[in-house]
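Asker: Residue numbering for the sequence shown follows full-length UniProt numbering, starting at 1 and increasing by one per position.
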Amino acid sequence: MAKKKIGLPPLDWLRVFEAAGRLGGFSAAAKEFGLTQAAVSQRIGNLEAWLGRSLFVREARGVSLTVEGESYLPLVQDSLRALERNTEDLFGKSPRELRVAGLSSNIHALVLPALTRFHEMQPGVRVMTDSVARRSSLDEDRTWLQIRYGRGIWAGRDAALIASEVLAPMAPPGVNWGAPLIDLRGERPGWREWSQKSGQQDLPQSKISFDSMEHAISAARRGMGVVLGSVPLALADLQEGRLRRLDLPELHTKDGYWLTWPEDRAKSRKQRALIEDFLKALRG
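1) With DSSP as the reference, label K267 as helix, strand or coil.
2) Entirely within the region 187-215 and at least 4 residues each: give me those alpha helix (DSSP H) ranges in chain order.
3) Return helix, strand or coil for W258, following the three-state DSSP convention.
4) With a threshold of 8 Å on Cβ separation, who are the neighbours of Y149 within its own chain once the five nearest residues in sequence on each side are excluded?
5) Considering only residues of the same chain and omitting the five flanking positions on each side of S27, which have a CB-CB separation below 6 Å?
6) So, does the region 162-179 touch the region 192-209, judging by three or more C-beta pairs under 8 Å?
7) Would you kindly check if the distance between the Cβ of A216 and the Cβ of L248 is under 7 Å?
8) Could I get the ranges of all uninterrupted alpha helix (DSSP H) runs contained in the region 16-44, with 4 residues as the minimum, in chain order?
9) Just list the beta strand (DSSP E) runs in the region 98-154, keeping only unbroken ones of 3 residues or longer that don't cross its boundaries, in chain order.
10) At a cut of 8 Å, does the region 111-125 reach the region 267-278 through at least three beta carbon pairs?
11) Spatial neighbours of A114 within its chain, please: CB distance less than 6 Å, with the 5 preceding and 5 following residues excluded, ordered by chain position.
12) Tell me where the alpha helix (DSSP H) around A236 begins and ends.
13) Answer with buried or exposed for L203, where buried requires no fewer than 16 other C-beta atoms within 10 angstroms of its C-beta.
14) Report yes if the CB atom of A101 is closer than 7 Å to the CB atom of T260, and no otherwise.
15) Per DSSP, what are the beta-bridge partners of V67 in this structure?
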């Protein structure tokens, strides 16, 4: 190994090293940068000569990081991310678009009521929504800013709570306790759990059952019975008088509605400010 040089290596060499270390090989790094594998190998060889240390072990089946390479990789990654963020903060344009994905019911109940408040804070930003049919589809969706339901823990994602899930007996004006119950199948607690927690016995019968909170709340609006409805999702109906909470105990759960994004995104100051304003609007 040649004698190391003093100072910072060329940025191009560091970026290629970061890609090769992150992707686990020279071929993958070459594909990411549109280079040949030989060009990647040359740049990493130059970096190793500059540092006076071997960063990769070359073997017949591929390459792997040395101890020095494993130690150097996170330092290079942090430095490149910081340089990108600071460059964006100083010279980048303010975001002009915010795109968010979520279940159709969550877009309707949480995003739509927040748009006026958000545009008062960010008048120049265009909001785009992407609806998904199933919650599992969010893992495959390309829209990185998402509204999710759960406990707020998703691998590789940051999350900020919009609202905790609270379930309460609700019905439209003129429908009272004793009317048929509207059942909801799924992971949320249902009437049986509510009965156990509240001490209410001899529940009215149920004549309909849904697998969607949106459909169950819609059925209640139509006067079809009493629903154990999500307060965050039914908030507009409650505020505008289409539904009312009955004088019965509510049920708090461990779940909630969250604004989430990949932990390696939203690092620039301008992007964070945009998300923070959107979160304030969602929280009302």
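All C-beta atoms, glycine included, are put in the ideal place defined by N, C-alpha and C.
Answerer: A quick look at the data gives this:
1) Looking at K267 - three-state DSSP - the assignment turns out to be coil, as it is neither helix nor strand.
2) Runs of the alpha helix (DSSP H) inside the region 187-215: 191-198.
3) Strand at W258.
4) If you ignore the 5 residues before and after Y149, its C-beta comes within less than 8 Å of the C-beta of L103, N106, R135, E165, D255, G256, Y257 and W258, all in its own chain and listed in chain order.
5) The residues Q37, in chain order, have a CB closer than 6 Å to that of S27 in the same chain once the five nearest residues on each side in sequence are set aside.
6) With a cut-off of 8 Å, the region 192-209 and the region 162-179 count as touching, because enough Cβ pairs lie within range.
7) Cβ distance not < 7 Å, so L248 and A216 don't count as in contact.
8) Counting only runs of 4 or more, we get 26-33.
9) Taken in chain order, the complete beta strand (DSSP E) segments of 3 residues or longer contained in the region 98-154 are 126-132 and 146-150.
10) Enough Cβ pairs lie closer than 8 Å, so yes.
11) Excluding sequence neighbours, A114 sits near A281 and L282.
12) Its alpha helix (DSSP H) spans residues L235 to Q239.
13) By the neighbour-count rule (16 or more Cβ atoms within 10 Å), L203 is not buried but exposed.
14) Cβ atoms of A101 and T260: not closer than 7 Å.
15) Bridge partners of V67 according to DSSP: none are assigned.
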